[in-house]
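Asker: In this note's numbering, the protein residues as written are 51 to 141.
I'd like to ask some things about the structure below.
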């Protein structure tokens with residue numbers, strides 16, 4: 051099992067994920083200590099996660115999601131726009 055540091059994972063994420071997708075497991079280390087394991091997901095694992103309530107299938111596809119709201123005024127500071135979104139979400 052290959053070990054990679056966080057820095058190497060950050061710099062070579064695509065290549066490392068490709069290795070995992072090909073079936074290899076990778077241990078991620080931080081300051082020399084193993085902190086995570088990247089392993090390929092097998093179809094049986096996903097089905098068992100769903101059965102155990104640890105995962106669920108999407109209710110709709112990504113293409114059905116709406117676009118993010120457009121800014122109302124280009125002159126309005128972004129901080130005010132964010133404040134209005136936050137206030138609207140609270141209630």
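Ideal placement from N, C-alpha and C gives every residue a C-beta, glycine not left out.
Just the Cα atoms here: how many angstroms apart are residue 117 and residue 105?
Answerer: Translated into positions along the chain shown, residue 117 becomes position 67. Translated into positions along the chain shown, residue 105 becomes position 55. When rounded, the distance between both Cα atoms is 25 Å.
Asker: On a CA-only basis, which of 113, 56, 91 is nearest residue 84? Give me that one, please.
Answerer: Start at 1 with the first residue of the chain shown, and residue 84 comes out as number 34. The option with the nearest alpha carbon to residue 84 is 56.
Asker: Which residues in the same chain as residue 53 place their Cβ atom closer than 6 Å to its Cβ, once the five residues preceding and following it in sequence are excluded?
Answerer: As a first step, residue 53 must be located in the chain shown, where it is residue number 3. So the list reads 77, 79, once near-sequence residues are dropped.
Asker: Helix, strand or coil: which one does DSSP assign to residue 55?
Answerer: In the chain shown, the residue the question calls residue 55 occupies position 5. Strand.
Asker: Exposed or buried, what is residue 66 when buried is set at 16 or more other beta-carbons lying within 10 Å of its beta-carbon?
Answerer: As a first step, residue 66 must be located in the chain shown, where it is residue number 16. Buried: at least 16 other Cβ atoms inside 10 Å.
Asker: Which of the three DSSP states is assigned to residue 71 in this structure?
Answerer: The residue you call residue 71 lines up with position 21 of the chain shown. DSSP places residue 71 in helix when its eight states are reduced to three.
Asker: Can you tell me the Cβ-Cβ gap for residue 75 and residue 96, rounded? I've got them flagged as a contact below 8 Å.
Answerer: Locating residue 75 in the chain shown gives position 25, counting from the first residue. Locating residue 96 in the chain shown gives position 46, counting from the first residue. Between residue 96 and residue 75 the Cβ distance is about 17 Å, and since that is not below 8 Å, they are no contact.
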